[in-house]
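Just so you know, the sequences run in chain order A and B. Just remember that the working numbering sits 12 ahead of the position in the first sequence, which is counted from 1. Just remember that the working numbering sits 1311 ahead of the position in the second sequence, which is counted from 1. All C-beta atoms in this analysis are idealised placements derived from N, C-alpha and C, irrespective of residue type, glycine included. Following: one structure in structure tokens, then a few remarks.
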Amino acid sequence: MSTFRIFDIAGSALSAQSVRLNATASNLANANNVAGSPEDVYRAREPVFSVATDAQGEVAGVRVMDVQTATAEPQKLYQPGHPLADGEGYVYAPSVNVVEEMVNMISAQRSYQSNVEVFNTVKDLTMRTLTLGK
Amino acid sequence: MSDALFGIHAKALSLGRARMDVLAANIANADTPQYLAKDLDFAQALKTEFASASNLVTTSSQHLALGGNAAGGSAAEVWRTPLQPSADGNTVDVQIEQSQFAEAALKYQASLNFLDSRVRSLMTAITGQ
């Protein structure tokens, strides 16, 4: 029903932004997670958004199309004393850019806030419409 | 009937809702690559709405229907011109969308107030108190 479509739109944005926040949290949490070989290293996740359309082809919010893993090469660190070090004394750290992740986090947070604001405004207006003439 | 009772505000309410739909979609897609921001030309939409509703009445099955639709006239949708185009092709400027949304919400509220007092005065007329 078109009257409450706006809740779907704002709701889809909230869930998409929380996926983005989750990915950022995961990237930051694993930023210092070293591994013994380049294949085992954690790779940064990044969600890709796309426009969601309804059956009539109208814009019906946003959806997470894909969660991509970063292709950047892991960093090679020389730490012979490390228990996970390979034969040559190297460990491999994920190439997570912490500054980039923080910026992503702030951006996702702001977007989330905007959509909560939309949600609340429309909720108030809808409640007032429902109590029209009382 | 409802036109005579509530005038422009009944239509303004549904169009205002349609416009807030469009603006909410813009805000929701603020981070979507290649998304082009839209807006509803309110005056144009209202004009279309009235033209299709009041002036032209089809009295024969062979008359052609006018294009206006009840959902809010997607014919009046216009693309937003970005002030600062971003590298990913997204043309949503969140500040503009937020201010437009606030304006749309306020106008919706104004229409609600008019409708509310109209309903109240009708109730007074009906109950005679």
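Quick check on the DSSP output: the alpha helix (DSSP H) that includes residue i runs from which residue to which?
i, result
"Glu112 (chain A)", "110-142"
"Tyr1419 (chain B)", "1405-1438"
"Gly23 (chain A)", "17-41"
Could you give the residue range of the beta strand (DSSP E) that holds residue i?
i, result
"Ser62 (chain A)", "57-65"
"Gly73 (chain A)", "71-81"
"Glu1388 (chain B)", "1388-1390"
"Val103 (chain A)", "102-105"
"Lys88 (chain A)", "87-90"
"Asp1332 (chain B)", "Here Asp1332 (chain B) belongs to no beta strand (DSSP E); instead the alpha helix (DSSP H) covers 1320-1339."
"Asp1350 (chain B)", "1349-1351"
Go ahead and label residue i buried or exposed: buried means 16 or more other beta carbons lie within 10 angstroms of its beta carbon, across all protein chains shown.
i, result
"Asn1380 (chain B)", "Summary for Asn1380 (chain B): the model assigns pLDDT 45, below 50, so the residue's position carries little reliability, and this model does not support an answer."
"Ile1338 (chain B)", "buried"
"Ile21 (chain A)", "buried"
"Ile18 (chain A)", "buried"
"Pro106 (chain A)", "buried"
"Asp1332 (chain B)", "buried"
"Pro73 (chain A)", "Correcting the residue identity first, residue 73 (chain A) is Gly in this sequence and not Pro. Answer is buried; the Cβ neighbour count reaches 16."
"Gln29 (chain A)", "buried"
"Asp66 (chain A)", "exposed"
"Met13 (chain A)", "Bear in mind that a pLDDT of 44 at Met13 (chain A), under 50, signals an unreliable position, so the number given afterwards is only what the model happens to contain. With fewer than 16 Cβ atoms within 10 Å of its Cβ, Met13 (chain A) is classed as exposed."
"Lys1322 (chain B)", "buried"
"Asn113 (chain A)", "According to the sequence as given, residue 113 (chain A) is Glu; it is not Asn. So Glu113 (chain A) counts as buried."
"Ser1397 (chain B)", "exposed"
"Leu1423 (chain B)", "buried"
"Thr36 (chain A)", "buried"
"Glu100 (chain A)", "exposed"
"Gly1384 (chain B)", "Confidence in Gly1384 (chain B) is poor, its pLDDT being 45 and thus under 50, which makes the residue's placement too unreliable to answer from."
"Ser24 (chain A)", "buried"
"Ala1315 (chain B)", "exposed"
"Ser126 (chain A)", "buried"
"Asn1401 (chain B)", "buried"
"Asn45 (chain A)", "exposed"
Would you check if the distance between the CB atom of residue i and the CB atom of residue j is smaller than 8 Å?
i, j, result
"Val53 (chain A)", "Pro86 (chain A)", "yes"
"Gly1327 (chain B)", "Ala1413 (chain B)", "no"
"Ala56 (chain A)", "Val108 (chain A)", "yes"
"Thr1343 (chain B)", "Val63 (chain A)", "yes"
"Ala1336 (chain B)", "Ser123 (chain A)", "no"
"Asp1350 (chain B)", "Val1389 (chain B)", "yes"
"Tyr90 (chain A)", "Pro50 (chain A)", "no"
"Arg1429 (chain B)", "Phe1317 (chain B)", "yes"
"Val71 (chain A)", "Val31 (chain A)", "no"
Relative to the C-alpha of residue i, which candidate in the options has its C-alpha closest?
i, options, result
"Pro92 (chain A)", "A:Val71, A:Gly48, A:Asn132", "A:Gly48"
"Thr1359 (chain B)", "B:Tyr1419, B:Ile1319, B:Ser1410", "B:Ile1319"
"Gln1406 (chain B)", "A:Glu112, A:Asp98, A:Met139, A:Val130", "A:Val130"
"Val60 (chain A)", "A:Asp98, A:Val71, A:Leu33", "A:Leu33"
"Ser1410 (chain B)", "A:Gln121, A:Ala120, A:Thr133, A:Gly99", "A:Thr133"
"Glu58 (chain A)", "A:Lys135, A:Arg140, A:Ala120", "A:Ala120"
Checklist entry - If contact means a Cβ-Cβ distance below 8 Å, which residues of the segment 108-119 of chain A contact chain B? => result Ser119
Next on the checklist: So if I threshold CB-CB distances at 7 Å, which residues from the segment 20-34 of chain A count as touching chain B?
Outcome noted: Ile21, Ala22, Ser24, Ala25
Checklist entry - Given a limit of 7 Å on CB to CB distance, which residues of the segment 52-80 of chain A reach chain B? => result Phe61, Ser62, Val63, Val71, Gly73, Val74
Next on the checklist: Under 8 Å, CB to CB, which of the residues in the segment 1315-1326 of chain B have a partner in chain A?
Outcome noted: Leu1324
Checklist entry - Got a sec: which bits of the segment 1410-1424 of chain B sit with their beta carbon under 7 Å from any beta carbon on chain A, in order along the chain? => result Phe1412, Ala1416, Tyr1419, Gln1420, Leu1423
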